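Visitor: In my numbering, the protein residues as written are 148 to 1072.
We treat Cβ as the ideally placed atom computed from N, Cα and C, and that holds for glycine.
Quantities reported herein were computed from a predicted structural model and do not represent experimental measurements.
Attaching a single structure in structure tokens format; questions to follow.
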């Protein structure tokens, strides 16, 4: 880590030392507030330097930050339709203290100042936007955050990241709030036109796609009426291959057990293996008992098409000089269809009785071999997910401004998002082939004895049982079906709807240091619901894939190259998506039924009012005030009864509410015209995930774990502290130091209990390890951020920042070890050199983040993500003033996403997402 820090510090100092002298910018106007439109880029008054593109964007961002009363970081577009990155989350990750998770190759959600993405909000033009996800990403389902990959960057004018809140800003963020500002026609030159078209290629999927966008803005000569319309189309083909480990279990499970669950021992006190003839190396039988072994090893082959169509429009009318009416709408239509094929083994549970050899290293069974299974040794799961994401938004604003600076703003809006699996087709088949495995921190090898590409070696589930769905028998020809489940269809559709209305007022005053009183109220009604339905699919006799008569292929050559996965498990039977659908359609299917136990609804009503006083005197400016917030949640769900055979879910409804007062203070002091010191303290809340408020219990009948919610959860609460020093030595140059602290109480932690539920695959009552969230945890986050940017010389410039963050929590994992906060990396580095001169523009972006805790995974595993580096490059050439040719390259290092359980010698995933290259041509006038 020292090398990254030295590199960063040297880069900043070199940039500042080499920057040419320019006239200093004027002292910020004390009346300039962060909520005002972005000022024009700073210019050197004496030298009359005109800047455009990257430098203009950076100067504009500096100006907004400098004039703000709160601790704010800003990213602005370089021109109409031109944002720094192809993905809004990627742009946000360049801000000090902001980081993203690249589990699927691109950033989707952002963590701010060491806090989970679920605890930070995104507001579109200052208001919440309904959000839904595609249903296959475990990175925070049904949360209050937003999937930034859905947001077309061409529509964005400016991103504001508020690290310290003001009473006027909607509550709900622990780390910070992202406000996305879009363009408005009365603030845009008349007849502005932007159009672009391009082609993107991913070397992992070896496929390319067209992308395009356009914008037109018009207003009349009197600036009283304007219309802006924009649209975009983007398509990506993702291929991700990797190895996954389904948590770790005790090595004692290789041994025979007594009735009380303890290891059965011989007369000499030695444990008796299920297969007494197995050979143990690297230690003794006692070492094996104390060791852990992988519960499952999966060779995962994932393919997805991400297609996004976006249309937005804004109409503005100014019937009087002091009144502006604005109506804007947004429609996002996303297609995230995907196909997952997983070849996995559950070594101990399925083949522990045919163990041939096992090696113990540092308390881990890192290698083992197994004979032919008595039932099954491995399984191929095929999941075809049809996912459509739709977001619709309509907002109305009425802004009145009096001659003396008084303002009244009315706003109302509606948004609705729908997503999820609609449906997911699941088919599975099994094999009995002998196999062996071996793994290390970043590699795994699984070899089968036999041909994994031969359809005759795969067979469907042979275990017939009385068929049931949702606790009711499946009736065929008047009698209950006796059959074996081979898959089914899952319809899990999330609907998220938000309606709000409110007002804001600004009253000029002259009372001591106070210059303005801001006050307002807002009411929001939000509904988040999951509607689940399903079909179970059966066969009455087991058949091989060869007997089923479907066309098969094999995993394409090179699919797992570079991922860390090797062995002949990289080459297994593949089925086409249509083959999976046809196999299910031609089998015996239950009726489509509502899954009451998996369906949930949370209706949340929030009423908030605030008072904020802005002050400015003697070089000291800022604001003080508070926000009073009332929240009521009505959770509707179904309870799954424990210790009950074939339980019927019981519909349940729970209501909870709370009232919170959230005071805050922001203060900025201009030590000199170039140096500003800021301080802030605030009380904030972040509400629980909607999924956690719904107490429905979900169970995994293979891994024997599950999770449930808690409708009585209260919000996270935190006292936030910020202290910053900013130096603006010349136009386009900034050096800043930021210290922050988050003192979090009422933290939501997960408790794990062993509970007996009915297992439909086994046809009997089985013990599950079930997680449930509760309040009661505490956490502290402390950090320091150092950032700098400068225009150096001859068109060269530099942005760089370093973040150090640390946390302590009262949460522990299954071993009793303390947990860090999710998504918090101790070290994060950004180094972004750029060149801009004449028609040429180039930028290199390097990002590094150290390891971080992601989540509690299967069997209580503490999922850690290994250090990750990414290098991106962009190049633009103006052929003529209105036409630009661009090239972008993402993930040039072809980095591997590595995940492990607590320590690197217990890996849980290796993923390879590949590099993406984009060429485009754009037109602006």
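In this structure, does DSSP put residue 632 in helix, strand or coil?
Guide: On the chain shown, residue 632 is found 485 positions in, with the first residue counted as 1. Three-state DSSP puts residue 632 in a strand.
Visitor: Is residue 841 a contact residue of the ligand NAP, with contact defined as CB to any heavy atom under 8 Å?
Guide: Among the ligands in the structure shown, none appear at all, so the ligand NAP cannot be discussed.
Visitor: Helix, strand or coil for residue 91 per DSSP?
Guide: Only positions 148 to 1072 of the chain appear in the structure, and residue 91 is not among them; the question remains open.
Visitor: What do you reckon, are the CB atoms on residue 362 and residue 376 nearer than 9 Å?
Guide: Counted from its first residue, the chain shown places residue 362 at position 215. Counted from its first residue, the chain shown places residue 376 at position 229. For residue 362 and residue 376, yes; Cβs fall inside 9 Å.
Visitor: Can you tell me whether residue 837 is helix, strand or coil according to DSSP?
Guide: Indexing the chain shown from 1 puts residue 837 at position 690. Three-state result, residue 837: helix.
Visitor: Let me know if residue 332 comes out buried or exposed under the rule of 16 or more other beta-carbons within 10 Å of its beta-carbon.
Guide: Against the chain shown, residue 332 aligns to sequence position 185. Label assigned to residue 332: buried.
Visitor: With contact counted as at least three CB pairs below 8 Å, one residue from each stretch, are the segment 811–828 and the segment 787–794 in contact?
Guide: Output reads no: the segment 787–794 does not touch the segment 811–828.
Visitor: Go ahead and label residue 622 buried or exposed: buried means 16 or more other beta carbons lie within 10 angstroms of its beta carbon, across all protein chains shown.
Guide: As a first step, residue 622 is located in the chain shown; it is residue number 475 there, counting from the start. Label assigned to residue 622: exposed.
Visitor: Would you be able to state if there are at least three C-beta pairs under 8 Å between the segment 570–587 and the segment 512–526?
Guide: The answer is yes - the segment 570–587 touches the segment 512–526, with three or more Cβ pairs under 8 Å.
Visitor: Sorted by chain position, which residues of the same chain lie with C-beta nearer than 6 Å to residue 528's C-beta, five sequence neighbours on each side aside?
Guide: Within the chain shown, the letter at position 381 stands for residue 528. Contacts found: 489 and 575.
Visitor: Evaluate residue 977 with the Cβ neighbour count: other Cβ atoms within 10 Å of its Cβ, from every protein chain shown; 16 or more gives buried, anything less gives exposed.
Guide: Within the chain shown, residue 977 is the residue found at index 830, counting from 1. It is buried - the Cβ of residue 977 has at least 16 other Cβ atoms within 10 Å.
Visitor: Tell me the residue span of the beta strand (DSSP E) that contains residue 909.
Guide: Sequence index remark: in the chain shown, residue 909 carries index 762 (1-based). Run containing residue 909: none; DSSP gives neither H nor E here.
Visitor: DSSP three-state label for residue 401, please.
Guide: For the purposes of this step, residue 401 is identified with residue 254 of the chain shown, where counting begins at 1. Helix at residue 401.
Visitor: Less than 8 Å between C-beta atoms, sequence neighbours within five positions excluded: which residues of the same chain meet that for residue 1052?
Guide: Along the chain shown, read from residue 1 onward, the residue named residue 1052 stands at position 905. Excluding sequence neighbours, residue 1052 sits near 508, 509, 511, 513, 587 and 588.
Visitor: Exposed or buried, what is residue 632 when buried is set at 16 or more other beta-carbons lying within 10 Å of its beta-carbon?
Guide: Here residue 632 refers to the residue found at position 485 when the chain shown is read from its first residue. By the 10 Å Cβ count, residue 632 comes out buried.
Visitor: Where residue 540 and residue 1012 are concerned, what is the direct C-alpha to C-alpha distance, given to the nearest angstrom?
Guide: As a working note, residue 540 is residue 393 in the chain shown. As a working note, residue 1012 is residue 865 in the chain shown. Their Cα atoms are separated by approximately 35 Å.
Visitor: I need the straight-line Cα distance from residue 464 to residue 1055, nearest angstrom please.
Guide: On the chain shown, residue 464 is found 317 positions in, with the first residue counted as 1. On the chain shown, residue 1055 is found 908 positions in, with the first residue counted as 1. Each residue's Cα considered, the two are about 56 Å apart.
Visitor: Among 944, 617 and 1031, whose alpha-carbon lies nearest the alpha-carbon of residue 1070?
Guide: Here residue 1070 refers to the residue found at position 923 when the chain shown is read from its first residue. Per the Cα distances, 1031.
Visitor: Please list, in chain order, all residues of the same chain as residue 545 whose beta carbon is under 6 Å from its beta carbon, the five residues on each side excluded.
Guide: If you number the chain shown from 1, residue 545 lands on position 398. Result list for residue 545: 472 and 557, in chain order.
Visitor: Helix, strand or coil, according to DSSP, for residue 826 in the structure here?
Guide: As a working mapping, residue 826 is identified with position 679 in the chain shown. Three-state result, residue 826: strand.
Visitor: Using three-state DSSP, classify residue 784 as helix, strand or coil.
Guide: In the chain shown, the residue the question calls residue 784 occupies position 637. The answer is strand: DSSP assigns residue 784 an E or B state.
Visitor: Give me the Cβ distance between residue 839 and residue 920, rounded to the nearest whole Å; I'm assuming they're in contact under 8 Å.
Guide: In the chain shown, counting from the first residue as 1, residue 839 sits at position 692. In the chain shown, counting from the first residue as 1, residue 920 sits at position 773. Going by Cβ atoms, the distance from residue 839 to residue 920 rounds to 5 Å, so yes, they are a contact pair.
Visitor: On the three-state DSSP scale, how would you describe residue 295?
Guide: Walking along the chain shown from the start, residue 295 turns up at place 148. Correct three-state label for residue 295: helix.
Visitor: With DSSP as the reference, label residue 209 as helix, strand or coil.
Guide: Working through the chain shown from its first residue, we reach residue 209 at position 62. The answer is helix: DSSP assigns residue 209 an H, G or I state.
Visitor: What are the complete beta strand (DSSP E) segments, minimum 3 residues, inside the segment 827–898?
Guide: Listed in chain order, they are 845–847, 852–854 and 863–874.
Visitor: Expressed to the nearest angstrom, what Euclidean distance is found between the alpha-carbon atoms of residue 481 and residue 356?
Guide: By 1-based counting over the chain shown, the position of residue 481 is 334. By 1-based counting over the chain shown, the position of residue 356 is 209. For residue 481 and residue 356, the distance between alpha carbons rounds to 15 Å.
Visitor: Using the C-alpha atoms, what's the distance from residue 630 back to residue 615?
Guide: Against the chain shown, residue 615 aligns to sequence position 468. Against the chain shown, residue 630 aligns to sequence position 483. Cα-Cα distance, rounded: 10 Å.
Visitor: So for residue 1014, helix, strand or coil by DSSP?
Guide: The residue labelled residue 1014 in the question sits at position 867 within the chain shown. Residue state, collapsed to three classes: coil.
Visitor: Distance, Cα to Cα, residue 416 vs residue 975?
Guide: Here residue 416 corresponds to residue number 269 of the chain shown, with the count starting at 1. Here residue 975 corresponds to residue number 828 of the chain shown, with the count starting at 1. Using only the alpha carbons, I get a separation of about 51 Å.
Visitor: Please check the pair residue 754 and residue 670, which I expect to be a contact at CB under 8 Å, by giving their CB distance rounded to whole angstroms.
Guide: The count along the chain shown starts at 1 and reaches residue 754 at position 607. The count along the chain shown starts at 1 and reaches residue 670 at position 523. The Cβ separation is near 5 Å, so the contact holds.
Visitor: Look up residue 113 in the DSSP assignment and give the residues it is bridged to.
Guide: Absent from the structure is residue 113, since the part of the chain shown begins at 148 and ends at 1072.
Visitor: So which of 991, 1006, 1050 and 894 has the shortest CA-CA distance to residue 262?
Guide: Position 115 of the chain shown, counting from 1, holds the residue named residue 262. Looking at the Cα atoms, 894 is the closest of the given residues.
Visitor: In chain order, what residues of the same chain have a beta carbon less than 6 Å from the beta carbon of residue 548, not counting five sequence neighbours either side?
Guide: For the purposes of this step, residue 548 is taken as residue 401 along the chain shown, with counting starting at 1. For residue 548, where only same-chain residues beyond five positions count, the Cβ hits under 6 Å are 469 and 554.
Visitor: Give me the Cα-Cα distance between residue 981 and residue 937, rounded to the nearest whole angstrom.
Guide: If you number the chain shown from 1, residue 981 lands on position 834. If you number the chain shown from 1, residue 937 lands on position 790. The straight-line gap from Cα to Cα measures roughly 10 Å.
Visitor: Rounded to whole angstroms, what's the CA-CA distance from residue 442 to residue 860? Just pull it up for me.
Guide: The residue you call residue 442 lines up with position 295 of the chain shown. The residue you call residue 860 lines up with position 713 of the chain shown. Their Cα atoms are separated by approximately 32 Å.
Visitor: So, with DSSP's three-state summary, where would you put residue 953?
Guide: Along the chain shown, read from residue 1 onward, the residue named residue 953 stands at position 806. Three-state DSSP puts residue 953 in a strand.
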